[in-house]
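The structure appears below as structure tokens.
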């Protein structure tokens, strides 16, 4: 049974209002993505913390408790469903995209390592002229490789920065937590571009190399704080938006 079918089937079986609200939100997000649209705001947190799960368990019959555990696991794994179905690891929203445009004074942008370009779609929707690039090696073997949201130019990150060095913003979402491609991005950006450089991911966690987090410093500003207030993580991954600080970079 598919992820959504199983989720909806268990929701009907359990008839728990708190579960139903989250399942309804997942169905709505899935519909928005299918329509190649962007969420207006960040989704609400999905899944239940241990204390709330225990509270719901006490209200559930003994026969239904295994189903509650299963559906909580499904809610917690929504990001994995999005990655396997649409090639999406990060969910942009229009409120955050608008704040990036306003707070960082961005009119043009380059997305690198863009995958299917969903963040580019969000930036374009708020009026930022965006170039979307990716090496596209992954797309040759991934079932989601043909599900692009915008046109994606076949360029690796360093070459893209050199080619489009005069844009206002460089955005990289969910850089791999292995290898040193993110360090090469920072090094190339420092040499060729004056753009804001932002990474979307989890510090010392699901994204970027350990060296990336160790070697770089990040902008701390009211603008970044306001942007991140609109970009709440919807699961156990502490996803945030980081801007690399230009003058404090160490040579690698």
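Residue numbers (the numbering used here): 12 to 263.
Virtual Cβ for every residue (Gly too), placed ideally from N, Cα, C.
For residue i, collect the residues of the same chain with a Cβ closer than 6 Å to its Cβ; drop the 5 residues on either side in sequence, then sort them by chain order.
i, result
"residue 250", "213, 244"
"residue 211", "101, 184, 252"
"residue 104", "50, 52, 53"
"residue 147", "165"
Just to confirm before moving on: does the CB-CB distance between residue i and residue j stay below 9 Å?
i, j, result
"residue 108", "residue 139", "yes"
"residue 129", "residue 160", "yes"
"residue 49", "residue 133", "yes"
"residue 25", "residue 65", "no"
"residue 135", "residue 241", "no"
"residue 222", "residue 235", "no"
Considering residue i, what are the terminal residues of the beta strand (DSSP E) in which it resides?
i, result
"residue 49", "Unbroken run through residue 49: none, as it is neither H nor E."
"residue 145", "140–145"
"residue 248", "Note, residue 248: premise wrong, no beta strand (DSSP E); not H, not E."
"residue 181", "180–184"
"residue 210", "207–212"
"residue 122", "119–123"
Going by DSSP, what residue range makes up the alpha helix (DSSP H) through residue i?
i, result
"residue 89", "89–97"
"residue 65", "61–69"
"residue 109", "105–114"
"residue 233", "233–240"
"residue 192", "192–203"
"residue 217", "Here residue 217 belongs to no alpha helix (DSSP H), and DSSP marks it neither H nor E."
"residue 172", "168–174"
"residue 158", "No alpha helix (DSSP H) contains residue 158, which DSSP labels as neither H nor E."
"residue 55", "No alpha helix (DSSP H) contains residue 55, which DSSP labels as neither H nor E."
"residue 131", "129–136"
"residue 17", "14–25"
Measure the beta-carbon distance from residue i to residue j and round it to whole angstroms, keeping in mind my assumption that it falls under 8 Å.
i, j, result
"residue 238", "residue 110", "5 Å"
"residue 34", "residue 16", "No, residue 34 and residue 16 are not in contact; Cβ-Cβ is about 12 Å, not under 8 Å."
"residue 29", "residue 57", "At roughly 11 Å, the Cβ-Cβ gap does not stay under 8 Å, so residue 29 and residue 57 are not in contact."
"residue 194", "residue 122", "Residue 194 to residue 122, Cβ: 19 Å. No contact."
"residue 168", "residue 196", "5 Å"
"residue 127", "residue 92", "Rounded, the Cβ-Cβ distance is 15 Å, inconsistent with contact."
Just to confirm my understanding: we take residue i, look at its own chain, exclude 5 residues before and 5 after, and list those with CB closer than 7 Å. What are they?
i, result
"residue 263", "Bear in mind that a pLDDT of 41 at residue 263, under 50, signals an unreliable position, so the number given afterwards is only what the model happens to contain. Closer than 7 Å at Cβ, skipping near neighbours: 194, 198, 226."
Problem - Cβ contact (3+ pairs, closer than 8 Å) linking the stretch 111–118 and the stretch 84–91 - result: Too few Cβ pairs lie closer than 8 Å, so no.
Handout entry: Contact between the stretch 205–221 and the stretch 141–148 (3+ Cβ pairs under 8 Å)
Key = No, the stretch 205–221 does not touch the stretch 141–148.
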